[in-house]
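Remarks on the structure that follows.
Residue numbers (this note's numbering), protein chains in the order written: chain A, 5 to 72; chain B, 589 to 723.
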């Protein structure tokens, strides 16, 4: 699933480590998420959305890329 | 998703479990139950050994200030690694059966179990580390 974590994180001027600490995961998980290698759970997606000060999960994660 | 940290509360449970193992070991040794277990003279001595190992590990973890984070990605990878290990062991056993045939093995049960457990642990660690890179 495509996402805008890296872009929004840089815009918010926070490091991968800081974001990882905010959402209580490892920095490696943030790296995997940014590269689109790992799809987060709904809970983690929500936490990341809040940590990046966005209103909706769709603002961070590109849900259109999911095939039904 | 969780940040696992060995604190005093969960270490009490671990100390308790280790103590139960040691007590059970002493009782079994006293009653002389279960001779020759996994390379140990008796099941009781094995339980005492495991109990003391657990006490040592918990104490070392309590003394260490390092925070250990286990997040959902690591749990996801661990599940995948466990599945790969399970399939790997079954396939390996099947290949041996095909290549070597079904024959009786002449090896002490303790050695067989030790080799099997070591094989499982090594296969699990390798698959876990590799999967961690690609997930």
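Built from N, CA and C at the ideal position, the CB exists for glycine as well.
Source: prediction; values computed, not measured.
Residue i CB to nearest chain A CB: under 8 Å?
i, result
"residue 591 of chain B", "The predicted position of residue 591 of chain B is uncertain, since its pLDDT is 49 and thus under 50; no value can be drawn from it."
"residue 723 of chain B", "yes"
"residue 708 of chain B", "no"
"residue 656 of chain B", "no"
"residue 716 of chain B", "no"
"residue 713 of chain B", "no"
Check each candidate in the options and name the one with the smallest Cα separation from residue i.
i, options, result
"residue 647 of chain B", "B:616, B:602, B:705, B:677", "B:602"
"residue 609 of chain B", "B:663, B:638, B:621", "B:638"
"residue 28 of chain A", "A:56, A:51, A:17, A:60", "A:51"
"residue 18 of chain A", "A:55, A:62, A:60", "A:55"
"residue 636 of chain B", "B:699, B:629, B:611, B:623", "B:611"
"residue 721 of chain B", "B:629, B:634, B:615, B:664", "B:664"
"residue 658 of chain B", "A:65, A:25, A:70, A:46", "A:25"
"residue 660 of chain B", "A:67, A:43, A:66", "A:43"
"residue 695 of chain B", "B:655, B:712, B:704", "B:704"
"residue 677 of chain B", "B:699, B:652, B:709", "B:709"
"residue 742 of chain B", "B:615, B:641, B:716, B:640", "Past the edges of chain B, shown from 589 to 723, lies residue 742 of chain B, and the structure says nothing about it."
"residue 599 of chain B", "B:716, B:619, B:650, B:690", "B:650"
"residue 679 of chain B", "B:644, B:711, B:723, B:606", "B:711"
"residue 731 of chain B", "B:716, B:671, B:697", "Nothing can be reported for residue 731 of chain B, as the shown portion of chain B is limited to 589 through 723."
"residue 11 of chain A", "A:32, A:69, A:37", "A:37"
From what residue to what residue does the alpha helix (DSSP H) around residue i run?
i, result
"residue 13 of chain A", "9-15"
"residue 699 of chain B", "697-722"
"residue 31 of chain A", "31-38"
"residue 3 of chain A", "The displayed coordinates of chain A run from 5 to 72. Any statement about residue 3 of chain A would go beyond what the structure contains."
"residue 58 of chain A", "From DSSP, residue 58 of chain A is part of no alpha helix (DSSP H); its letter is neither H nor E."
"residue 23 of chain A", "20-27"
For residue i, would you say it is in contact with chain B, using Cβ-to-Cβ distances shorter than 8 Å as the test?
i, result
"residue 50 of chain A", "no"
"residue 82 of chain A", "Residue 82 of chain A is absent from the model: chain A starts at 5 and stops at 72."
"residue 13 of chain A", "no"
"residue 33 of chain A", "yes"
"residue 16 of chain A", "no"
"residue 45 of chain A", "yes"
"residue 69 of chain A", "no"
"residue 64 of chain A", "no"
Confirm the yes/no value for this check: CB of residue i, any heavy atom of the ligand ZN, distance under 7 Å.
i, result
"residue 599 of chain B", "Ligands displayed in this structure: none; no statement on the ligand ZN is therefore possible."
request  = Scan the stretch 617-687 of chain B and note each continuous alpha helix (DSSP H) run of 4 residues or more that stays entirely inside, going in chain order.
outcome  = 631-651
query = If contact means a Cβ-Cβ distance below 8 Å, which residues of the stretch 651-683 of chain B contact chain A?
reply = 657, 659, 660, 661, 662, 664
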